[in-house]
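Residue 44 in the UniProt record's numbering sits at position 44 of the sequence shown, with consecutive numbering throughout.
Below: one structure, written as structure tokens.
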Amino acid sequence: MRLRGRKGIRESLEGQPELVVLDAAPHKGKWREFFGNDNPIYVELGMGKGRFISHMSARYPHINFIGVDMYDELLRRASEKARAIWEQKGEANPPNLALLRANIEGIETMFAPGELERVHLNFSDPWPKSKHARRRLTHPRFVEKYIELLNERGEIHFKTDSQSLFEFSLNSFAEMELVMRNISLHLHKEGPREDLVFTEYEMKFMEKGQNIYRCEVVIGSEALQKHREAKHEKSLKETEEANDSIDQEDEEI
Numbered sequence: 001m002r003l004r005g006r007k008g009i010r011e012s013l014e015g016q017p018e019l020v021v022l023d024a025a026p027h028k029g030k031w032r033e034f035f036g037n038d039n040p041i042y043v044e045l046g047m048g049k050g051r052f053i054s055h056m057s058a059r060y061p062h063i064n065f066i067g068v069d070m071y072d073e074l075l076r077r078a079s080e081k082a083r084a085i086w087e088q089k090g091e092a093n094p095p096n097l098a099l100l101r102a103n104i105e106g107i108e109t110m111f112a113p114g115e116l117e118r119v120h121l122n123f124s125d126p127w128p129k130s131k132h133a134r135r136r137l138t139h140p141r142f143v144e145k146y147i148e149l150l151n152e153r154g155e156i157h158f159k160t161d162s163q164s165l166f167e168f169s170l171n172s173f174a175e176m177e178l179v180m181r182n183i184s185l186h187l188h189k190e191g192p193r194e195d196l197v198f199t200e201y202e203m204k205f206m207e208k209g210q211n212i213y214r215c216e217v218v219i220g221s222e223a224l225q226k227h228r229e230a231k232h233e234k235s236l237k238e239t240e241e242a243n244d245s246i247d248q249e250d251e252e253i
């Protein structure tokens with residue numbers, strides 16, 4: 001990706017230490033100190049222009065968000081977007097958001113084991129050639145790192161417009177024997193999912209009527225237990241409804 005940045009962009013980023021982080025190493029294992037609280041930490045790997053992570057931080061103020069990208073120009077655009085969104089809420093600086101310049105390849109150098117609660121992968125580069133499969137962010141070599149960094153409530157939320165990447169990812173998760181839920185082959189088929197925050201790419205794809213694929217991967221022990229309980233409750237409810245239907249049919253006969 002080639003981005004033409006403005007002159008003085010690095011100086012601009014360096015002048016925003018309360019929002020922009022140019023070196024993650026000193027914060028590894030100490031991100032709660034950066035935010036000044038013990039709230040859960042969600043990260044978006046490959047945040048682009050920052051629409052998703054900025055709106056997420058505004059919608060969920062009791063969660064800390066970190067948007068990661070390796071391009072200065074994208075960090076600049078994301079910082080402007082985030083500040084504009086939070087100014088509407090009367091805040092000069094987003095209190096629960098950090099924009100981190102880093103290469104995702106070294107994610108284990110940015111966060112400590114168990115420090116994260118959710119990893120968002122939104123419209124990652126599909127790397128369509130087979131020889132580049134290891135570069136895909138849902139390749140097992142990356143997923144193993146996410147698992148190490150996620151806590152007991154940890155989850156991975158994945159969205160893409162690429163059918164081939166989605167198929168690859170589902171197979172990747174399955175081969176690692178991970179639990180998946182809410183798998184969607186056409187996320188906005190019934191209309192825009194207003195309960196979800198859209199990325200820039202997603203909005204363009206929706207306007208064109210393109211399919212958006214999505215799934216959630218349940219990682220942490222508490223998250224898995226909660227998922228099992230929800231499945232059990234759903235099963236009991238379905239059985240109850242089926243029995244009521246049978247009883248009603250018997251009464252009609």
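Ideal placement from N, C-alpha and C gives every residue a C-beta, glycine not left out.
How should residue 107 be labelled, buried or exposed, when 16 other C-beta atoms within 10 angstroms of its C-beta is the threshold for buried? When all chains shown are included, residue 107 counts as buried.
By the three-class DSSP mapping on this structure, what secondary structure does residue 161 have? Coil at residue 161, not helix or strand.
Grouping DSSP H, G and I as helix and E and B as strand, with all else coil, what is residue 175? Helix, per DSSP.
Can you name, in chain order, every residue of its own chain whose Cβ lies under 6 Å from the Cβ of residue 62, other than the five neighbours on each side? In chain order, 39 place their CB closer than 6 Å to the CB of residue 62, counting only its own chain and leaving out the 5 sequence neighbours on each side.
Bridge-paired residues (DSSP) for residue 21: For residue 21, the beta-bridge partners assigned by DSSP are 100.
Sorted by chain position, which residues of the same chain lie with C-beta nearer than 8 Å to residue 2's C-beta, five sequence neighbours on each side aside? A caution first: residue 2 carries a pLDDT of 49, below 50, which makes its placement in the model too unreliable to give a value.
Let me confirm a value: residue 202 is counted as buried when at least 16 other C-beta atoms fall within 10 Å, else exposed. Which label applies? By the 10 Å Cβ count, residue 202 comes out buried.
Under the assumption that residue 115 contacts residue 41 (Cβ atoms under 8 Å), give the Cβ distance between them as a whole number of angstroms. Confirmed, Cβ separation roughly 6 Å.
Whole angstroms is fine: what's the gap from residue 143's alpha carbon to residue 243's? If you take the alpha carbons of residue 143 and residue 243, they lie about 42 Å apart.
Enumerate in chain order the residues of its own chain whose CB-to-CB distance from residue 152 is below 6 Å, with the five nearest sequence positions on each side excluded. Answer for residue 152: 220, 221 and 222, listed in chain order.
Option in 198, 234 and 238 with minimal Cα separation from residue 59: By alpha-carbon distance to residue 59, the top candidate from 198, 234 and 238 is 198.
Can you round the beta-carbon distance between residue 216 and residue 155 to whole angstroms, since I take them to be within the 8 Å contact cut? Taking C-beta atoms under 8 Å as the contact rule, residue 216 and residue 155 qualify, at a distance of about 6 Å.
What residues are listed by DSSP as bridge partners for residue 184? DSSP output for residue 184 lists 214 as bridge partner(s).
Looking at C-alpha atoms only, which residue of 83, 166 and 193 is the closest neighbour of residue 180? The candidate whose alpha carbon is nearest that of residue 180 is 166.
Among residues of its own chain, excluding the 5 on either side of residue 55, which ones have a beta-carbon nearer than 7 Å to its beta-carbon? If we look at residue 55 and ignore the five residues flanking it on each side, its Cβ neighbours are 85 and 197.
Can you check which of these residues, 123, 208 and 176, is closest to residue 44 by C-alpha distance? Nearest of 123, 208 and 176 to residue 44, Cα basis: 123.
8 Å CB neighbourhood of residue 74 in its chain, flanking five on each side removed: Beyond the five residues adjoining it in sequence on each side, residue 74 comes within less than 8 Å, by CB distance, of 3, 47, 48, 49 and 50 in the same chain, given in chain order.
Residues near residue 17 by beta carbon distance below 6 Å, same chain, minus five either side: Excluding residues up to 5 positions away in sequence, nothing lies with its Cβ nearer than 6 Å to the Cβ of residue 17 in the same chain.
When the distance is taken between beta carbons, is residue 211 closer than 8 Å to residue 161? The answer is yes: Cβ separation under 8 Å.
Supposed contact pair residue 214 and residue 184 - C-beta distance, whole angstroms, cut 8 Å: A Cβ-Cβ separation of about 5 Å places residue 184 in contact with residue 214 under the 8 Å criterion.
Taking the beta carbon of residue 120 as the centre, do at least 16 other beta carbons fall within 10 Å, making it buried, or is it exposed? Looking at its Cβ environment, which holds 16 or more other Cβ atoms inside 10 Å, residue 120 is buried.
Confirm, please, whether the CB-CB distance from residue 98 to residue 110 is below 8 Å. Contact: no.
Completely contained alpha helix (DSSP H) runs for the segment 105–152, where each covers 4 or more residues: Taking 4 residues as the minimum length, the alpha helix (DSSP H) runs contained wholly in the segment 105–152 are 140–149, in order along the chain.
Under the rule that 16 or more other beta-carbon atoms within 10 Å means buried, what is residue 126, buried or exposed? Taking every protein chain shown into account, the CB of residue 126 has 16 or more other CB atoms within 10 angstroms, so this residue is buried.
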